[in-house]
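**Student:**
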Amino acid sequence: VLGREQFLVGEFPLSQYVSIRDHICQGQLQPFQLVVVPKEKIDVEIDSIYGSLMESGNRPTRTSISASTLNKKKSLNIVSSWNINENLKIKIGSLGKVNVEADISQICIEAGLYHSGSPLCQTFFTAPVCVEEGDAK
Numbered sequence: 001v002l003g004r005e006q007f008l009v010g011e012f013p014l015s016q017y018v019s020i021r022d023h024i025c026q027g028q029l030q031p032f033q034l035v036v037v038p039k040e041k042i043d044v045e046i047d048s049i050y051g052s053l054m055e056s057g058n059r060p061t062r063t064s065i066s067a068s069t070l071n072k073k074k075s076l077n078i079v080s081s082w083n084i085n086e087n088l089k090i091k092i093g094s095l096g097k098v099n100v101e102a103d104i105s106q107i108c109i110e111a112g113l114y115h116s117g118s119p120l121c122q123t124f125f126t127a128p129v130c131v132e133e134g135d136a137k
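Numbering-wise (UniProt numbering), the sequence shown opens with residue 1 and increments by one.
1) What does the alpha-carbon distance come out to for the pair Ser56 and Ser81?
2) Report yes or no: do the segment 92-101 and the segment 129-136 share at least 3 C-beta pairs separated by less than 8 Å?
3) At the level of alpha carbons, what is the spacing between Ile84 and Pro119?
4) Give me, in chain order, the residues of the same chain whose beta-carbon lies closer than 8 Å to that of Ser94; leave out the 5 immediate sequence neighbours on both sides.
5) Quick one: is Ser64 buried, meaning 16 or more other Cβ sit within 10 Å of its Cβ, or exposed?
6) Identify the continuous alpha helix (DSSP H) that holds Cys25 and give its terminal residues.
7) Taking the alpha carbon of Glu132 as the point to measure from, which residue in Leu113, Tyr114 and Gln106 has its own alpha carbon closest?
8) Would you tell me roughly how many angstroms separate the C-alpha atoms of Asp22 and Gln28, rounded to the nearest one?
9) Report all residues from its chain with a CB closer than 6 Å to the CB of Pro13; omit the five preceding and five following residues, and keep chain order.
Shown next, in the form of structure tokens:
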């Protein structure tokens, strides 16, 4: 990006870059000026930081984990979030030890997806539920 120390590296849609989304969300009328720079001139690590997760030899291991836990981890299929085209589903079973004022009888939970403190989508609220003696179900 011209005039900034920001580089758009990789073959990804422009909408996936935080700086582009922020520029659009702020309603700035002046467009970005993009300049092509050979990647050899950019001092950045292009490899995905998640690539090493795919290689079993690079996975960190701890001796305090039981053998059954290690067997479960070996069977995990690790997928990049960029390759997931399904909606995220979260099911909340219950809440415990909830501190609320005496006059509040119902609560709800607000949830959203964030990256580096920036929301990736709108937040959603659960339906209100009753609170009895610090428990909500």
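No residue lacks a Cβ here, since even glycine has one placed at the ideal position from N, Cα and C. Computed from a predicted structure; not experimentally measured.
**Tutor:** Straight from the coordinates:
1) Taking the sequence shown and counting its residues from 1, the one referred to as residue 56 is at position 56. Taking the sequence shown and counting its residues from 1, the one referred to as residue 81 is at position 81. For Ser56, the predicted model reports a pLDDT of 45, less than 50, meaning its position is unreliable; a value from the coordinates is still stated below. Taking the straight line joining both Cα atoms gives about 19 Å.
2) Output reads yes: the segment 129-136 touches the segment 92-101.
3) Working through the sequence shown from its first residue, we reach residue 84 at position 84. Working through the sequence shown from its first residue, we reach residue 119 at position 119. C-alpha separation (whole angstroms): 18 Å.
4) For the purposes of this step, residue 94 is identified with residue 94 of the sequence shown, where counting begins at 1. The residues are Asp135, Ala136 and Lys137.
5) The residue you call residue 64 lines up with position 64 of the sequence shown. With a pLDDT of only 47 at Ser64, under 50, the local geometry of the prediction cannot be trusted, and no value is derived from it.
6) Working through the sequence shown from its first residue, we reach residue 25 at position 25. Unbroken alpha helix (DSSP H) run through Cys25: Val18 to Cys25.
7) Within the sequence shown, residue 132 is the residue found at index 132, counting from 1. Measuring from the Cα of Glu132, the nearest candidate turns out to be Gln106.
8) The residue labelled residue 22 in the question sits at position 22 within the sequence shown. The residue labelled residue 28 in the question sits at position 28 within the sequence shown. Each residue's Cα considered, the two are about 9 Å apart.
9) Locating residue 13 in the sequence shown gives position 13, counting from the first residue. Here the set comprises nothing.
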